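Novice:
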Amino acid sequence: MKNVVLLGSTGSIGTSTVKVAEDLPERIRLIALAAGNNSELLLDQTRKHQPAAISIHDPAKAIELREALGTACEVFFGAEGLLKLAALPEADIVLIAIVGTAGLQPALAAIRAGKDIAVASKEILVMAGEIVMNEARKYGVRVLAVDSEHSAIFQCLDGKPAASVRKLWLTASGGPFRDAQLWPKEKFAEITVERALKHPSWVMGRKITIDSATLFNKGLEMIEARWLFDIEMARVGVVVHPQSIVHSMVEFVDGSLLAQLSTPDMCLPIQYALTYPDRAASDRVQTDFPKLSSLTFEAPDPERFPALTLARRAGEEGGTLPAVLNAANEIAVEAFVNRKINFPQITETVRRTMDAHQVVAQPTLEQILAADVWARHEAAL
Ligand code: MG
Numbered sequence: 000m001k002n003v004v005l006l007g008s009t010g011s012i013g014t015s016t017v018k019v020a021e022d023l024p025e026r027i028r029l030i031a032l033a034a035g036n037n038s039e040l041l042l043d044q045t046r047k048h049q050p051a052a053i054s055i056h057d058p059a060k061a062i063e064l065r066e067a068l069g070t071a072c073e074v075f076f077g078a079e080g081l082l083k084l085a086a087l088p089e090a091d092i093v094l095i096a097i098v099g100t101a102g103l104q105p106a107l108a109a110i111r112a113g114k115d116i117a118v119a120s121k122e123i124l125v126m127a128g129e130i131v132m133n134e135a136r137k138y139g140v141r142v143l144a145v146d147s148e149h150s151a152i153f154q155c156l157d158g159k160p161a162a163s164v165r166k167l168w169l170t171a172s173g174g175p176f177r178d179a180q181l182w183p184k185e186k187f188a189e190i191t192v193e194r195a196l197k198h199p200s201w202v203m204g205r206k207i208t209i210d211s212a213t214l215f216n217k218g219l220e221m222i223e224a225r226w227l228f229d230i231e232m233a234r235v236g237v238v239v240h241p242q243s244i245v246h247s248m249v250e251f252v253d254g255s256l257l258a259q260l261s262t263p264d265m266c267l268p269i270q271y272a273l274t275y276p277d278r279a280a281s282d283r284v285q286t287d288f289p290k291l292s293s294l295t296f297e298a299p300d301p302e303r304f305p306a307l308t309l310a311r312r313a314g315e316e317g318g319t320l321p322a323v324l325n326a327a328n329e330i331a332v333e334a335f336v337n338r339k340i341n342f343p344q345i346t347e348t349v350r351r352t353m354d355a356h357q358v359v360a361q362p363t364l365e366q367i368l369a370a371d372v373w374a375r376h377e378a379a380l
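Take the sequence shown: its position 336, counting from 1, is numbered 335 in numbering that gives the first Met the number 0, and each next residue is one higher.
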């Protein structure tokens with residue numbers, strides 16, 4: 000039985016995690032849940048799963064929840080609440096699925112309390128991958144991937160060291176504008192918010208869906224892979240695979256390739272992270288080979304999707320630059336969704352912010368957070 004703390008229980012990954020816990024009641028116990036704003040769903044989840052503690056962002060909502068739940072469950076709030084849950088003595092693993100940078104401090108708190116962490120919030124590894132992985136080594140805990148691509152690579156690597164790897168291949172669906180005939184570069188300025196929010200193969204949160212359309216999601220995943228698997232950026236490649244069946248691949252030094260496949264369902268990587276090193280029987284994910292027809296692969300187009308080049312640059316230069324890329328992208332996506340900038344300007348905003356940044360090498364956490372704040376301000380200009 001694993002005692003799981005779930006930070007971000009009402010979002011897309013959070014609700015899938017709750018499903019996985021319901022599939023495997025003999026293996027997974029949700030002992031704490033944290034949500035941002037959706038106190039109604041958090042209340043439902045709490046009544047059903049009876050965690051020992053919960054947390055919500057807004058203190059006023061915490062008071063309402065306390066009244067509704069009585070003494071059955073401890074109710075915390077705000078950033079402090081997340082830190083409390085992350086370090087609960089009974090916890091075995093903390094799954095962090097909070098959008099944005101708010102997951103970083105709870106991740107470090109969990110590691111320092113000796114907990115394994117399962118990371119769904121890419122920002123944690125993109126911004127502070129070196130610090131997080133160093134702390135995990137120091138405290139002897141695991142950092143498990145919840146992202147489908149990184150889970151695939153983790154499953155294929157199966158403990159082999161980076162020295163046995165020629166290249167990690169992240170697969171990308173290519174997003175809704177993959178087809179160069181339908182969507183030549185000249186038409187990118189006409190892309191509407193509604194069109195960009197229609198993802199061909201995955202149903203996800205709004206920010207990550209826009210990131211999949213620009214390919215910034217894949218760019219962030221390249222940096223994530225670089226830290227998670229302790230491998231330099233030059234050995235992290237991207238291949239477009241529109242069917243989203245091959246979730247990623249490892250090419251070993253002898254030329255052999257291992258891939259992990261299934262119909263796309265986030266419950267699978269979540270389950271693997273929470274049951275690792277076991278595989279738990281579940282009927283949820285089924286792959287019907289005759290229905291798959293063909294699996295295709297193509298090189299990404301850097302002309303139409305410069306996000307990959309920007310992410311490679313950020314990952315190679317390192318220091319505070321990945322945090323700047325991440326923060327500028329968040330601001331630009333927000334501006335696009337609010338119809339203040341057009342689709343190509345998302346990438347332009349990130350490039351402009353990166354160009355204006357004075358990179359700090361080997362930054363402290365404080366310097367990373369300062370670069371994040373600086374980039375948000377700069378990107379909004
Ligand atoms: Mg992914």
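For glycine and all other residues, C-beta sits at the position ideal for the given N, C-alpha and C.
Nothing here was measured: the structure is a model prediction, and the numbers come from that model.
#1: What is the C-beta distance between Ala31 and Ala67, in whole angstroms, given that I count them as a contact (C-beta under 8 Å)?
#2: If I'm right that Ile230 touches Val164 with Cβ under 8 Å, what's the distance once you round it to whole angstroms?
#3: Measure the alpha-carbon distance for Glu122 versus Ala112 and round it to whole angstroms.
#4: Measuring from each Cβ to the nearest heavy atom of ligand 1, keep the ones under 7 Å and list them in chain order.
#5: Going by DSSP, name the residue or residues bridged to Ile116.
#6: Any contact between the segment 179-192 and the segment 308-318? By contact I mean 3 or more CB pairs, one from each, below 8 Å.
#7: Since Leu256 sits in a beta bridge, which residues does DSSP pair it with?
#8: Between the alpha carbons of Arg65 and Asn341, how many angstroms are there, rounded?
#9: Opposite Phe75 in the DSSP bridges: which residues?
#10: Quick one: give me the first and last residue of the beta strand (DSSP E) that Leu169 is part of.
#11: By the 10 Å Cβ neighbour count, where 16 or more other Cβ atoms means buried, how is Glu347 classified, buried or exposed?
#12: So who's on the other strand from Val3, going by DSSP bridges?
#13: Return helix, strand or coil for Ala34, following the three-state DSSP convention.
#14: Between which residues of its own chain and Val237 is the CB-CB distance below 7 Å, once the five residues before and five after are set aside?
#15: Could you give the C-beta distance for Val93 and Ile152, rounded to a whole number, given that I count them as a contact under 8 Å?
#16: Would a C-beta distance cut-off of 8 Å place Thr319 and Val358 closer than the cut-off?
#17: Any idea which residues DSSP pairs Val235 with across the strands?
#18: What residues in its chain sit with their C-beta under 6 Å from that of Phe215, if we drop five residues either side in the sequence?
#19: With a threshold of 16 other CB atoms inside 10 Å of the CB of Leu291, please say whether the residue is buried or exposed.
Specialist: Taking the geometry as given:
#1: The residue given as residue 31 occupies position 32 in the sequence shown. The residue given as residue 67 occupies position 68 in the sequence shown. Ala31 to Ala67, Cβ: 17 Å. No contact.
#2: Locating residue 230 in the sequence shown gives position 231, where the first residue counts as 1. Locating residue 164 in the sequence shown gives position 165, where the first residue counts as 1. Contact holds; Cβ gap of about 6 Å.
#3: Numbered from 1 along the sequence shown, position 123 holds the residue referred to as residue 122. Numbered from 1 along the sequence shown, position 113 holds the residue referred to as residue 112. For Glu122 and Ala112, the distance between alpha carbons rounds to 21 Å.
#4: With the criterion CB distance below 7 Å from any heavy atom of ligand 1, the matching residues run Asp146, Ser147, Glu148, Asn216, Glu220 along the chain.
#5: Position 117 of the sequence shown holds residue 116. For Ile116, which the question treats as bridged, DSSP gives the partners Val93, Val142.
#6: Under the Cβ criterion (8 Å, minimum of three pairs), the segment 179-192 does not count as touching the segment 308-318.
#7: If you number the sequence shown from 1, residue 256 lands on position 257. Partner(s): Glu250.
#8: Indexing the sequence shown from 1 puts residue 65 at position 66. Indexing the sequence shown from 1 puts residue 341 at position 342. Cα-Cα distance, rounded: 44 Å.
#9: What you label residue 75 is simply residue 76 of the sequence shown in a count that begins at 1. According to DSSP, Phe75 bridges with Ser54.
#10: For the purposes of this step, residue 169 is identified with residue 170 of the sequence shown, where counting begins at 1. Its beta strand (DSSP E) spans residues 164-171.
#11: Against the sequence shown, residue 347 aligns to sequence position 348. By the neighbour-count criterion, in which 16 or more other beta carbons inside 10 Å mark a residue as buried, Glu347 falls on the exposed side.
#12: Within the sequence shown, the letter at position 4 stands for residue 3. Partner(s): Leu29, Ile92.
#13: As a first step, residue 34 is located in the sequence shown; it is residue number 35 there, counting from the start. In the three-state reduction of the DSSP assignment, Ala34 falls in the strand class.
#14: As a first step, residue 237 is located in the sequence shown; it is residue number 238 there, counting from the start. Leaving aside the five residues that flank Val237 on each side, the residues in its chain whose CB is nearer than 7 Å to its CB run, in chain order, Leu169, Ala171, Lys217, Met221, Pro299, Leu307.
#15: As a working mapping, residue 93 is identified with position 94 in the sequence shown. As a working mapping, residue 152 is identified with position 153 in the sequence shown. So it is not a contact: roughly 21 Å between Cβ atoms.
#16: Taking the first residue of the sequence shown as 1, we reach residue 319 at position 320. Taking the first residue of the sequence shown as 1, we reach residue 358 at position 359. Cβ atoms of Thr319 and Val358: closer than 8 Å.
#17: By one-based count along the sequence shown, residue 235 stands at place 236. Answer by DSSP bridge pairing, in chain order: Leu167.
#18: Taking the first residue of the sequence shown as 1, we reach residue 215 at position 216. Excluding sequence neighbours, Phe215 sits near Ala306, Asn328.
#19: Within the sequence shown, the letter at position 292 stands for residue 291. So Leu291 ends up on the exposed side.
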